[in-house]
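When we follow full-length UniProt numbering, the leftmost residue of the sequence shown carries the number 1, and every step to the right adds one.
Every residue gets a Cβ at the ideal spot worked out from N, C-alpha and C, and that includes glycine.
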Amino acid sequence: MLTDRGSRYAVSGAPVTTRDEIDVVLTELKRDRSYAKATHNTWAALLPSGGLKADDGESGAGMVILRMLERAELQSHVIIVTRWYGGKKLGGDRFRRVQDAVRAYLEDQNLSG
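Here you go:
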């Protein structure tokens with residue numbers, strides 16, 4: 001769990017090959033009430049059909065995740081960065097926290113190449 005000025009970030013992910021599988025992963029994640037109530041559940045995936053992303057209100061964050069997946073050449077995997085807003089705007093630092101979360105996930109899963 002990362003924190004910055006009251007905002008908390010968590011990261012999760014799973015192997016997927018279709019948009020329907022991404023929806024299943026998101027639904028399962030949001031069964032946990034704290035994730036369902038999070039401010040943002042931003043995600044991206046590189047599927048056989050191409051890249052997909054969703055900002056979930058955190059404008060631009062999905063593209064940050066997608067670019068990191070492309071650099072890591074991680075296909076058929078969704079990464080979700082969850083943020084619970086802490087009351088203070090982070091400006092551009094919010095993208096650095098998203099990058100930190102994705103980097104930590106890739107390292108933890110031994111996927112960073």
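What number of angstroms, rounded off, separates the C-alpha of Ser7 from the C-alpha of Met1?
-> 10 Å
Whole-angstrom C-beta distance between Val81 and Val11, which should lie under 8 Å = 5 Å
Three-way DSSP call (helix, strand, coil) for Arg83 in this model | It is a strand residue.
Which whole-angstrom value describes the C-beta separation of Glu58 and His40, a residue pair presumed to lie in contact below a C-beta threshold of 8 Å?
-> 4 Å
Using the beta-carbon count (16 or more within 10 Å), is Thr42 buried or exposed?
-> buried
Quick check: the stretch 86–93 against the stretch 13–30, are there 3 or more CB pairs under 8 Å?
-> no
Between which two residues does the alpha helix (DSSP H) carrying Val11 extend?
-> Taken as a continuous stretch (DSSP letters only), Val11 belongs to no alpha helix (DSSP H), being part of the beta strand (DSSP E) at Ser7 to Pro15.
Count the CB pairs spanning the stretch 93–109 and the stretch 48–56 that are closer than 8 Å, and state whether there are at least three.
-> Contact between the stretch 93–109 and the stretch 48–56 is absent, because fewer than three Cβ pairs lie under 8 Å.
Express the C-alpha separation of Asp100 and Asp56 in angstroms, rounding to a whole number.
-> 18 Å
Quick one: what's got a C-beta closer than 7 Å to Gln75's C-beta in the same chain, skipping five residues either side?
-> Leu46
Going by other Cβ atoms of all chains shown within 10 Å of its Cβ, with 16 needed for buried, is Val24 buried or exposed?
-> exposed
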